[in-house]
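Protein chains: 2
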Amino acid sequence: MLPFKTLLHLDKTLPQPIFAQLSEQLGQLIRVGTLTAGQRLPGTRQLADLLNLHRQTVVAAYDDLLAQGWLESRAGSGTYVATHLPDMKPQSISAGETNHTHDNRQTGFSFIRSPELVRAVMASPSGLRLDDGLPDARLAPLDELGRAYRSYFRWGSVQAHVGYGDTKGHPLLREELSRHLNETRGLRTTPDNVLITRGSIMGLFLTCQVVLRPGRGTAGEVVVTGETTWAGATMNLRRAGATLRTVPVDAHGLDVDALGQLCEQQQQDNQPVRMVYVTPHHHYPTTVTLRADRRVRLLQLAEQYGFAVLEDDYDYDYHYLGRPILPLASADRRGMVVYVGSLTKSVAPAFRVGYVVAPTELIDELARFRRIIDRQGDAVLEYAIGQLFHTGEMKRHFRKSLRAYHARRDHLCALLASELPDAVQFQKPDGGMAVWATFDRSIDVAELSVRAERAGLAISPGLTHNPPGSLLNSTRLGFASSTEEELERAVEVLRSLL
Amino acid sequence: MLPFKTLLHLDKTLPQPIFAQLSEQLGQLIRVGTLTAGQRLPGTRQLADLLNLHRQTVVAAYDDLLAQGWLESRAGSGTYVATHLPDMKPQSISAGETNHTHDNRQTGFSFIRSPELVRAVMASPSGLRLDDGLPDARLAPLDELGRAYRSYFRWGSVQAHVGYGDTKGHPLLREELSRHLNETRGLRTTPDNVLITRGSIMGLFLTCQVVLRPGRGTAGEVVVTGETTWAGATMNLRRAGATLRTVPVDAHGLDVDALGQLCEQQQQDNQPVRMVYVTPHHHYPTTVTLRADRRVRLLQLAEQYGFAVLEDDYDYDYHYLGRPILPLASADRRGMVVYVGSLTKSVAPAFRVGYVVAPTELIDELARFRRIIDRQGDAVLEYAIGQLFHTGEMKRHFRKSLRAYHARRDHLCALLASELPDAVQFQKPDGGMAVWATFDRSIDVAELSVRAERAGLAISPGLTHNPPGSLLNSTRLGFASSTEEELERAVEVLRSLL
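Residue numbers (our numbering), protein chains in the order written: chain A, 1 to 498; chain B, 499 to 996.
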């Protein structure tokens, strides 16, 4: 019999059960040829005694190898290494052995690294923050959500309930959201115009993938964004193979005259503009609102040149000047606009519920695509959010947050004006959750953010906010996620660093 | 003054509030030129009297239009249509008007319809079913999940908790899952090797997109699947631009000799095989298990030809023959295997938690890509599932379901043999949640499924299960989601239809 006691190394301190270690190591002895096809194995009692194990442990290991086909048992005569083994290449196996990286770092095959995909996402910091414009999760209606979660498990047929659902989203949420959008934003949707997604970014991804034809060797289709815009959008557009063009953004939003000239030029070059990505309510990152006449002109251009308008209304719910301005989508008469929104900014980032509003033929295609990346949404969360709309809790939450954020905006602006008069320039934003702050030319915000972090204050380095070639001296200072007292301490830290 | 009473049509029965209707219709009068730039509007009290509205309603409408920039108010002299209005094209607007589709069906721009994306997904039926192989959601630990959901909202800092999290998944779940996979499947993972996804399909999507270079005008990269395989995988592979090749699948799984010849051929044609998609534990749809010698050979071929093995282990937890067979990934020494799994089949479809296990360098890239389609997972659900692993509840659930499904498999097989001896042929599956049933050549399963549905029994039409050109007379008959008594009634219905 083989010297199993020396061949096998069983370690009770490992998480892997002994039977599994035994089975794996015996399998290994077969693979490397120490145990050969047809060879008889010791009886389970014999091996158990030899290795000081319970017999059941050895039985379990043998069962394992029998099930895997490494062993075969012959009635009455014991257990043998399977006769039907592959013609093996010991050198390749043993080469494999020596190469074996226990830290599991490297692949044995090549794959594509996409430089356009950056990880830089600001995680919610636990200390002081003037973040990119995150909501204050402490205001989120967590108790009500908790109750809705619980009720989910009681309500209706479990099977229908936690079985597969509609890729387009939970019917309750689609219906409530359609009504909410019609009432608050002048849209004319039915639930069939609504696709529930995971935050707005999935809506952007699906729309880019479905609308844009990827470049084949040649340049991709032309998409226009503001000269400054959201990196999450440009990453998606590049990934979809788009050729990006930009137009200036001023105090009244996107320069639509420049857009008109660009459309004409691209038309003549036989590379028509296929899509325009805009954040008209509060331009990202500069927070300015697209002026009414430019809105009309933008829709006219879309109709004239046949491009899709991708309207990202990421923080519609928070506007402090009278009522919010109705979205472009509310004036769209020709189905030119794909409207993308999210509750992430309205409730809390952890609640990943966004939506796309578009003509049904597009919603259907987006849903077909969504099916291959994510069969369906989280029915429990979607139901719970739907409940909060239904009970009016969501409206109450919006009103409560609006009041708090309004006061926080005013407080931060007052602090910046009084504490950092020379260092920071800004316009008080009409809405949103952040102030667009331009620091003195002598200050590099990226560098400042590093020093701030050391001092316990998180601010966005603004790396993606500034037009190519310009100084990195503007960034967003979010006020929504901090109390007025926290804002004071944050500005104090900032002042101490300048 | 204009005849506003006849120009404006306000309808209290519509969901849209009166102020919004008024604001929208006044804006429309401006857009179509009935109200012209600089024109003075009636006072709010005057218009309110005229239209029989509360004055505040008119004030709200004017505020709205002021905020949108359609109106401007001049100190002391009232409200006027903004002087700064776009040079409009009435004909295009009015043309838009007549085209306006209130049902919101059509887009005004072109987009790409992908014929490879089919919607055919079997929703969980409410009546009798012999489905594709779904779990019985009635066995899911819903109370425990409900408790875990509740505890989530109490535990730790709310801000850190419902703020943005790690794109790779909730740390608790990644840690618990890594341990679970190491203990039950002989893997050697750390949490860094685990990316939490939404069901296994997102793992497939990300892997295909990152590993495969899309065809540029020419044919895409070569991917091999079984001659019968899962449509969700082929849709993803096609969408990623892959050129699909197939090899036969027999009673012992994928024909690896045929694969070896194909690899050699593709090598010579300078179109090397880049990836092989397999479901070795229970081949989809035929449920057969890949034999041990073929597993070794498959890994040898992967090392020899440098292709990635995409191992889809969708229903690992349910195997009825001794212990489950360890995955290919457990024998992978060179980082050739990307291992994809899901809890959807283990718990309930509504709980969308899947995972990818791979070398960290690939996990990092997959996470970078995941970021642009879905910033992060559902932290609440991931935490709740993590808790169930931590408390051992998940293990108890697996044991409970395994027992139930084992008995249900035996019961369905006995029923098929006794009730439909001539009509149906099958091999009792060693594991999984469905029987691969081949009906008599005289029976078209697709047609049968239609009649069955009318009779209140849901069965898969098997459209995607049969090799091209073959008869559509095989399908999967799922036993896991039905009690033994329900299985009896289901088979009875089937018998009545033959």
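Glycine included, every Cβ here is placed at the ideal spot set by N, Cα and C.
The beta carbons of Val337 (chain A) and Leu328 (chain A) sit closer together than 8 angstroms.
What Ser947 (chain B) touches in chain A, judged by beta-carbon distance under 9 angstroms, is nothing: the nearest beta carbon there is about 17 angstroms away. For Tyr812 (chain B), there is no enclosing alpha helix (DSSP H), as DSSP marks it with neither H nor E.
A direct Cα-to-Cα measurement between Ala558 (chain B) and Asp690 (chain B) gives close to 55 angstroms.
Proximity of chain A to Phe502 (chain B) at the Cβ level (cut-off 8 angstroms) is not reached, the minimal Cβ distance being about 19 angstroms. DSSP, reduced to helix, strand and coil, places Phe607 (chain B) outside both helices and strands of the structure shown, so it counts as coil.
The C-beta of Asp810 (chain B) comes no closer than 8 angstroms to any C-beta of chain A. Cβ-Cβ distances below 7 angstroms link Leu181 (chain A) to Leu187, Thr189 and Val357 in the same chain, with the five nearest sequence neighbours on each side left out; the list follows chain order.
If the five residues before and after Thr555 (chain B) are omitted, its C-beta is found closer than 8 angstroms to the C-beta atoms of Ile516, Phe517, Leu520 and Ala546, all from its own chain and listed in chain order. Not a single CB atom of chain B sits nearer than 8 angstroms to the CB of Phe398 (chain A). Among the CB atoms of chain B, none fall inside 8 angstroms of the CB of Tyr277 (chain A). With a cutoff of 8 angstroms on beta-carbon distance, Leu412 (chain A) and Val435 (chain A) are scored as near each other. Within the same chain, Cβ atoms closer than 7 angstroms to the Cβ of Glu984 (chain B) are found at Leu626, the five residues on either side in sequence being excluded.
Neighbours of Phe307 (chain A) in chain B, taken as residues at a C-beta separation under 9 angstroms, are given in chain order as Phe607. For Glu951 (chain B) and Ala635 (chain B), the gap between their C-alpha atoms comes out near 21 angstroms. A straight-line Cα-Cα distance of about 30 angstroms links Leu41 (chain A) and Glu801 (chain B).
Residue state for Ser571 (chain B) is assigned as strand, using DSSP reduced to three classes. A residue is called buried once 16 or more other Cβ atoms fall within 10 Å of its Cβ, and Asn52 (chain A), having fewer, is exposed. Counting along the chain, the unbroken beta strand (DSSP E) around Arg476 (chain A) starts and ends at Ser474 to Gly478. Residue contact check for Gly165 (chain A) against chain B: a CB pair falls below 8 angstroms.
Contact between Pro857 (chain B) and Asn104 (chain A) holds: CB atoms are separated by about 5 angstroms, below the 8 angstroms threshold. C-alpha of Ala731 (chain B) to C-alpha of Ser77 (chain A): approximately 45 angstroms in a straight line. Using a Cβ distance threshold of 8 angstroms, Leu173 (chain A) and Gly386 (chain A) count as a contacting pair. In the DSSP assignment, Leu244 (chain A) is bridged to A:Val223. Annotated as distal: Met773 (chain B) and Val838 (chain B), with beta-carbon spacing of 8 angstroms or more.
Gly930 (chain B) is a Cβ neighbour of Asp813 (chain B), given a cutoff of 8 angstroms. The Cβ-Cβ distance between Ala480 (chain A) and Gly199 (chain A) does not fall below 8 angstroms. Closest option to Asn466 (chain A), judged by alpha-carbon separation, among A:Ser482, A:Thr483 and A:Phe439: A:Phe439. At a cut-off of 8 angstroms between beta carbons, Phe703 (chain B) contacts chain A. In the DSSP assignment, Ser840 (chain B) falls within the beta strand (DSSP E) that extends over Val835 to Ser840. For Phe977 (chain B), not one C-beta of chain A is nearer than 8 angstroms to its own C-beta. The beta-carbon of Ile694 (chain B) is placed no less than 8 angstroms from the nearest beta-carbon of chain A.
Nearest neighbour of Arg894 (chain B) by Cα position, chosen from B:Glu642, B:Thr973 and B:Arg677, turns out to be B:Glu642.
Taking 8 angstroms as the cut-off, the beta carbon of His750 (chain B) is found closer than this to the beta carbon of Arg789 (chain B). In the DSSP assignment, no residue is bridged to Ala921 (chain B). Within the region 725-743 of chain B, Gly730, Met733, Asn734 and Arg737 place their CB atoms closer than 7 angstroms to a CB of chain A, listed in sequence order.
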